[in-house]
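Q:
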Amino acid sequence: AQSVTQLDSQVPVFEEAPVELRCNYSSSVSVYLFWYVQYPNQGLQLLLKYLSGSTLVKGINGFEAEFNKSQTSFHLRKPSVHISDTAEYFCAVDVQGAQKLVFGQGTRLTINP
Amino acid sequence: DSGVTQTPKHLITATGQRVTLRCSPRSGDLSVYWYQQSLDQGLQFLIQYYNGEERAKGNILERFSAQQFPDLHSELNLSSLELGDSALYFCASSVSPGPYEQYFGPGTRLTVT
Numbered sequence: 001a002q003s004v005t006q007l008d009s010q011v012p013v014f015e016e017a018p019v020e021l022r023c024n025y026s027s028s029v030s031v032y033l034f035w036y037v038q039y040p041n042q043g044l045q046l047l048l049k050y051l052s053g054s055t056l057v058k059g060i061n062g063f064e065a066e067f068n069k070s071q072t073s074f075h076l077r078k079p080s081v082h083i084s085d086t087a088e089y090f091c092a093v094d095v096q097g098a099q100k101l102v103f104g105q106g107t108r109l110t111i112n113p
Numbered sequence: 114d115s116g117v118t119q120t121p122k123h124l125i126t127a128t129g130q131r132v133t134l135r136c137s138p139r140s141g142d143l144s145v146y147w148y149q150q151s152l153d154q155g156l157q158f159l160i161q162y163y164n165g166e167e168r169a170k171g172n173i174l175e176r177f178s179a180q181q182f183p184d185l186h187s188e189l190n191l192s193s194l195e196l197g198d199s200a201l202y203f204c205a206s207s208v209s210p211g212p213y214e215q216y217f218g219p220g221t222r223l224t225v226t
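In order, the protein sequences belong to chains A and B.
Residues in the first sequence are numbered from 1 upward in steps of one, following my numbering.
Residues in the second sequence are numbered from 114 upward in steps of one, following my numbering.
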């Protein structure tokens, strides 16, 4: 069965610093990969997704992620964070044909001024 | 605002009771997904419907059931409630099954006392 591991449960960073949120997945077949963000007291919103093609994917709010098949990773990055990026971030995998998302445990990003 | 609506926002009930959570998908979306978010289990896929038919099943308990009606709204029924069923229940919708963006509703917070 496929699984998703987010290696950090919490990541504190200073405003305007770069950030990387790590995500590894396990699957023996092709997958689609997603990052979602959950702001306090809200539902989830898609940041970006990888389906095929270029391994570097750009999303909303200045985020990007790189798919690395050999390392089975899909790390999320932003070169300069803002206070408004404070939220919980979820990595998810959709195994082709499974028609369901498997989520990681989430990473809480805290931005300090 | 994702366009997905869920009612009620909050629900407090006692053990052994039965509740119904309602979801209206975005206009034009035919697929509805239900997820449970709890501190213990994280975000878990429960079940998916497409145009009224069940398409995929996840970790959904036998005490739980769902359906999608001809007008495409969906209901999640939870019965014989236990304290451990306390969680945030999200509904999401997408245009069709597959690696399409899922739009999440704001969730229903269920508290079982």
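The C-beta atom is built at its ideal place from N, Cα and C for all residues, glycine as well.
Computed from a predicted structure; not experimentally measured.
Any idea what DSSP makes of Gly155 of chain B, helix, strand or coil?
A: In the structure shown, Gly155 of chain B sits in a strand (DSSP, three-state: E or B).
Q: Note down, in chain order, each residue of its chain lying with its Cβ closer than 7 angstroms to the Cβ of Asp198 of chain B, except the 5 sequence neighbours on either side.
A: The residues are Leu191, Leu223, Val225.
Q: Mind pulling the chain B residues with CB within less than 7 angstroms of Gly62 of chain A?
A: Simply none; closest approach about 19 angstroms.
Q: At the level of alpha carbons, what is the spacing between Leu109 of chain A and Phe63 of chain A?
A: Distance between the alpha carbons of Leu109 of chain A and Phe63 of chain A: 13 angstroms.
Q: Just verifying my parser: in three-state terms, what is the DSSP assignment at Ser26 of chain A?
A: Note: Ser26 of chain A maps to strand in three-state DSSP.
Q: Does chain B have any CB closer than 8 angstroms to the CB of Tyr32 of chain A?
A: True, the Cβ-Cβ gap to chain B drops below 8 angstroms.
Q: Tell me whether the stretch 73-84 of chain A and the stretch 140-157 of chain B touch, counting them as touching only if at least three CB pairs, one residue from each stretch, are closer than 8 angstroms.
A: Counting Cβ pairs under 8 angstroms, fewer than three are found: no touch.
Q: As a quick exercise: from B:Gly218, B:Glu214, B:Tyr216, B:Phe203, pick the residue whose alpha carbon is nearest that of Phe158 of chain B.
A: With distances taken between Cα atoms, Phe158 of chain B lies closest to B:Phe203.
Q: Using a Cβ cut-off of 7 angstroms, pull out every chain B residue sitting near Phe103 of chain A, in sequence order please.
A: Per Cβ cutoff of 7 angstroms: Gly155, Leu156.
Q: Please determine, among B:Ala200, B:Asp184, B:Glu195, B:Gly220, the residue with the shortest C-alpha to C-alpha distance to Ser144 of chain B.
A: Closest by alpha carbon: B:Asp184.
Q: Note down, in chain order, each residue of its chain lying with its Cβ closer than 7 angstroms to the Cβ of Gln38 of chain A, except the 5 sequence neighbours on either side.
A: Closer than 7 angstroms at the Cβ level, and outside the excluded window around Gln38 of chain A, lie Leu44, Ala87, Glu88, Phe90.
Q: From the beta carbon of Arg168 of chain B, is the nearest beta carbon of chain A less than 8 angstroms away?
A: True, the Cβ-Cβ gap to chain A drops below 8 angstroms.
Q: Does the separation of the CB atoms of Lys49 of chain A and Phe34 of chain A fall below 8 angstroms?
A: Contact flag set, yes.
Q: Within 8 angstroms of any Cβ in chain A, is that where the Cβ of Phe177 of chain B sits?
A: It does not; no Cβ of chain A falls within 8 angstroms.
Q: Between Thr133 of chain B and the rest of its own chain, which residues show a CB-CB distance below 6 angstroms, the 5 nearest in sequence each way excluded?
A: The residues are Glu188, Asn190.
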